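**Q** This is the structure I want to talk about, given as structure tokens.
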Amino acid sequence: MNTSRLRAALAALATVAGAAALTVTATPAVADEAAAVSWSVTPADASGPDGRVAIEHELDAGETLEDHFAVRNLGTEAVTFRVAAADGFYTRSGRFDMLPSDQESVDAGTWIALPESVTVEPGGTVVVPFTISVPENAEPGDHAAGIAASVLSLKQGEGAEVGVESRVGFRVMTRVTGELAPAFSAQNVRTDYRTSWNPLEPGRIDVSFDVVNEGNTRLEVGGVLDLAGQQVPFPDESAGRQEILPGERHTFSLVVDQVWPLFAFPGEIALAPSVTTADGQSTEVAPAATPLFIWAIPWPQLLVLAGLALIAMALLWRRNRSTRRIEELVRQAREAGRRDAVPERAA
Amino acid sequence: MISKGAAARCAAGVLGGLMLVGVGTAAFAAYPDPEGSSGVDVKVDIAEVQNGALSLTVENTETALTETGSTAEYRQFTGALPNVTVTDTRTEVPSGVFWYVTGQASDFVGAAGQPSITPDHLGWSPALVTTGNGEVAAGDEVKTSLDEAPNNVGLTGEELLALSLDSASSTAASGQWTAGANLVLKTPVDVAPGGYTSLLTLSLFEDAL
Chain A
46 MNTSRLRAAL
56 AALATVAGAA
66 ALTVTATPAV
76 ADEAAAVSWS
86 VTPADASGPD
96 GRVAIEHELD
106 AGETLEDHFA
116 VRNLGTEAVT
126 FRVAAADGFY
136 TRSGRFDMLP
146 SDQESVDAGT
156 WIALPESVTV
166 EPGGTVVVPF
176 TISVPENAEP
186 GDHAAGIAAS
196 VLSLKQGEGA
206 EVGVESRVGF
216 RVMTRVTGEL
226 APAFSAQNVR
236 TDYRTSWNPL
246 EPGRIDVSFD
256 VVNEGNTRLE
266 VGGVLDLAGQ
276 QVPFPDESAG
286 RQEILPGERH
296 TFSLVVDQVW
306 PLFAFPGEIA
316 LAPSVTTADG
326 QSTEVAPAAT
336 PLFIWAIPWP
346 QLLVLAGLAL
356 IAMALLWRRN
366 RSTRRIEELV
376 RQAREAGRRD
386 AVPERAA
Chain B
4 MISKGAAARC
14 AAGVLGGLML
24 VGVGTAAFAA
34 YPDPEGSSGV
44 DVKVDIAEVQ
54 NGALSLTVEN
64 TETALTETGS
74 TAEYRQFTGA
84 LPNVTVTDTR
94 TEVPSGVFWY
104 VTGQASDFVG
114 AAGQPSITPD
124 HLGWSPALVT
134 TGNGEVAAGD
144 EVKTSLDEAP
154 NNVGLTGEEL
164 LALSLDSASS
174 TAASGQWTAG
184 ANLVLKTPVD
194 VAPGGYTSLL
204 TLSLFEDAL
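Order-wise, the sequence lines are chains A and B. Note that my numbering has the first sequence beginning at 46, numbered continuously upward. Note that my numbering has the second sequence beginning at 4, numbered continuously upward.
Here it is, written out as structure tokens:
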């Protein structure tokens with residue numbers, strides 16, 4: 046790779062990434078051209094990885110706590126990783142992620158103090174200490190952040206350049222003590238009856254709605270959609286837990302299958318979230334139901350009926366017509382007979 | 004010569020028949036199966052680590068994002084994400100713990116101060132390079148906001164690949180999986196010319212079912 050081009054591109058990226066991001070002189074996290082970089086990042090104690098998947102603490106406002114994480118370099122060359130903390134969020138598909146380096150954190154991401162970079166020898170592990178300092182005025186409840194160690198590689202083109210920052214991280218959840226007030230609602234309920242144009246097959250109902258976390262605790266959301274005589278639990282088992290952070294919303298899209306179009310269905314979305322606590326236990330929150338109503342007109346079946354009716358009408362019509370024609374012929378014959386008979390009598 | 008009545012009769016009969024043929028055709032409509040993808044092996048050297056580790060490996064290959072396939076409606080730039088490999092050599096993983104790799108793009112910032120192109124204009128189609136035994140799945144194709152629904156949201160926080168577990172009692176498989184993605188940037192034809200820079204952030208995280 047041309048070094049000056051790399052530096053120029055890096056400088057551009059640094060501008061994009063803002064002050065908190067990398068600088069050209071430090072150039073942490075830039076992988077060399079030849080060697081692939083392999084690394085792992087896990088929560089740790091002072092002596093090394095301690096088996097935690099994520100870090101969760103319950104702290105008072107104003108309290109400070111020290112914890113650790115380990116960065117392992119599994120590659121063949123020494124690598125300087127960029128280390129950063131940022132606010133956490135859940136993606137559209139319900140995965141935890143943290144803000145990228147060009148976006149500024151405003152919440153728990155700013156509470157974490159840690160070194161900007163760490164250099165790890167090949168095959169080595171470095172334990173990095175960090176502190177979580179909860180501000181005096183922090184709101185009670187759950188605050189999500191993440192910590193990650195990253196490397197940067199660059200792609201360059203004529204029209205647009207894309208830098209790729211690859212990071213390995215873990216979640217850092219902080220619950221600030223105080224009054225916990227879980228609250229939630231279902232909003233934007235959208236329903237759609239999807240007619241099967243095969244009149245011998247039932248259709249289906251697509252239902253989607255947003256669950257909004259209006260409280261200050263993270264909610265693990267689950268419930269049941271009761272519609273057209275069917276109960277559809279959500280989230281479905283393969284999707285796993287669905288957590289929603291305070292202030293966030295998550296869209297659930299459900300399908301009620303095998304529904305015959307019986308003109309109209311009332312139903313309801315029963316939400317029964319629970320509050321997950323820092324030690325992994327969960328507390329139930331009062332459930333709530335949101336009613337919904339959907340039209341399902343049996344168009345294909347009505348079309349079949351209409352088609353059959355039209356064919357039957359056409360056949361009947363023809364039969365009536367031929368009957369009428371025969372009756373007419375008979376009448377004409379009788380008339381002719383009568384006409385023939387009358388002059389005979391008269392004569 | 005057909006009488007008016009006969010014509011009306013025929014029309015009614017034909018219409019009725021057509022309605023039946025219409026729904027009959029719908030009944031026989033078939034949907035194509037999604038295509039499978041073939042893969043090639045990618046070798047990554049991993050040093051031995053005590054107790055194993057869940058690690059990410061990135062190649063530092065340079066790829067151009069160049070203009071191809073532009074039309075009268077939009078300009079299109081394509082490229083490929085460098086391959087990303089996740090290796091799990093851990094011997095003891097708690098049940099229900101799985102991992103995933105997400106991707107999110109930043110604004111394409113104009114080098115000469117021209118207006119930014121927002122990340123919803125960048126889409127990707129992830130694909131597994133190593134097929135494995137179905138333990139991991141590539142993320143869905145994400146289209147740009149200039150494409151049609153569904154999934155036309157751009158790289159706002161999307162999945163590249165993930166270990167799929169069927170239940171909370173199953174445990175993560177150890178192994179090595181590589182994925183890549185084709186990138187597509189679509190802009191309006193009147194986009195300001197000049198250089199643009201964006202940062203695509205890929206993140207490996209762990210979670211529990």
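We put the beta carbon where it would ideally sit given N, CA and C, even for glycine. Every value quoted in this text rests on a predicted model; they were computed, and no experiment measured them.
Could you check whether A/I314 and A/G268 sit closer than 8 angstroms to each other, using their CB atoms as the reference points?
**A** A contact, by the Cβ cut-off of 8 angstroms.
**Q** By Cβ distance below 8 angstroms, which residues in the same chain neighbour A/L290 in space, the five residues on each side in sequence not counted?
**A** Taken in chain order, the residues that qualify are G133, F134, Y135, D187, A189, N258, R263.
**Q** Quick one: Cα of A/S241 to Cα of A/V277, how far?
**A** When rounded, the distance between both Cα atoms is 20 angstroms.
**Q** Taking just the CA atoms, how far does B/Q79 sit from A/E184?
**A** Those two C-alpha atoms are separated by around 46 angstroms.
**Q** Quick check: is the beta carbon of B/Y199 nearer than 8 angstroms to any beta carbon in chain A?
**A** Yes, because at least one Cβ of chain A sits closer than 8 angstroms to the Cβ of B/Y199.
**Q** Note down, in chain order, each residue of its chain lying with its Cβ closer than 7 angstroms to the Cβ of B/S119, except the 5 sequence neighbours on either side.
**A** So the qualifying residues of the chain are D110, F111, V112, G113.
**Q** Please list, in chain order, the chain E residues whose beta carbon lies closer than 9 angstroms to that of A/R216.
**A** Here chain E cannot be found, since the structure's protein chains are A and B.
**Q** Can you grab the Cα-Cα spacing for the pair B/R12 / A/P345, in whole Å?
**A** If I take the Cα positions, the gap works out to 23 angstroms.
**Q** For B/E209 and A/P336, I'd like the C-alpha separation in whole angstroms.
**A** When rounded, the distance between both Cα atoms is 36 angstroms.
**Q** Comparing the C-beta of A/E282 with each C-beta of chain B, is any distance below 8 angstroms?
**A** Closer than 8 angstroms: yes.
**Q** Anything in chain B within Cβ reach of A/F141, meaning under 7 angstroms, just list it in chain order.
**A** Neighbours of A/F141 on chain B, chain order: F208, D210.
**Q** Does DSSP put A/D152 in a helix, in a strand, or in coil?
**A** Three-state result, A/D152: coil.
**Q** Does DSSP classify B/W180 as helix, strand or coil?
**A** Residue state, collapsed to three classes: strand.
**Q** On the criterion of 16 or more Cβ atoms from any shown chain inside 10 Å, does A/R364 qualify as buried, or is it exposed?
**A** A/R364 should be labelled exposed.
**Q** Taking only the alpha-carbon atoms, compute the straight-line gap between B/L68 and A/D237 and give it to the nearest angstrom.
**A** Cα-Cα distance, rounded: 40 angstroms.
**Q** How many Å lie between A/E380 and A/T368 at the Cα?
**A** Taking the straight line joining both Cα atoms gives about 18 angstroms.
**Q** Shortest alpha-carbon distance to A/A80 belongs to which of A/D95, A/T121, A/D281?
**A** When only C-alpha atoms are compared, the closest one is A/T121.
**Q** For A/M305, is the classification buried or exposed, using 16 other Cβ atoms within 10 angstroms of its Cβ as the cut-off for buried?
**A** Residue identity check: residue 305 of chain A is Trp in the sequence provided, not Met. Burial call: exposed.
**Q** Evaluate A/G292 with the Cβ neighbour count: other Cβ atoms within 10 Å of its Cβ, from every protein chain shown; 16 or more gives buried, anything less gives exposed.
**A** The residue is exposed, with fewer than 16 neighbouring Cβ atoms inside 10 Å.
**Q** Under 8 angstroms Cβ-Cβ, which residues of chain A neighbour B/L203?
**A** V207, G208, V209, E210, listed in chain order.
**Q** What first and last residue would you give for the beta strand (DSSP E) that runs through A/Q303?
**A** Element bounds for A/Q303: 294-304.
**Q** Anything in the segment 136-160 of chain A with a Cβ closer than 9 angstroms to a Cβ of chain B? List those residues in chain order, please.
**A** Those would be T136, R137, S138, R140, F141, D142, M143, L144, P145, S146, D147, Q148, in chain order.
**Q** Anything in chain B within Cβ reach of A/G292, meaning under 7 angstroms, just list it in chain order.
**A** Within chain B, no residue comes near A/G292; the closest Cβ sits about 16 angstroms away, beyond 7 angstroms.
**Q** Would you mind reading off the limits of the beta strand (DSSP E) that contains B/T159?
**A** No beta strand (DSSP E) contains B/T159, which DSSP labels as neither H nor E.
**Q** Quick check on the burial criterion: 16 or more other C-beta atoms within 10 angstroms. Buried or exposed for A/D142?
**A** Answer is buried; the Cβ neighbour count reaches 16.
**Q** Tell me the DSSP secondary structure of A/E282 in three-state form.
**A** Three-state result, A/E282: helix.
**Q** In the DSSP assignment, what are the bridge partners of B/G82?
**A** Looking at the DSSP assignment, B/G82 forms a beta bridge with B/L186.
**Q** Counting Cβ pairs, one atom from each stretch, are 3 or more of them under 8 angstroms apart for the segment 143-154 of chain A and the segment 90-97 of chain A?
**A** These segments do not touch.
**Q** I'd like the span of the beta strand (DSSP E) that includes A/R97, first residue to last.
**A** Note, A/R97: premise wrong, no beta strand (DSSP E); not H, not E.
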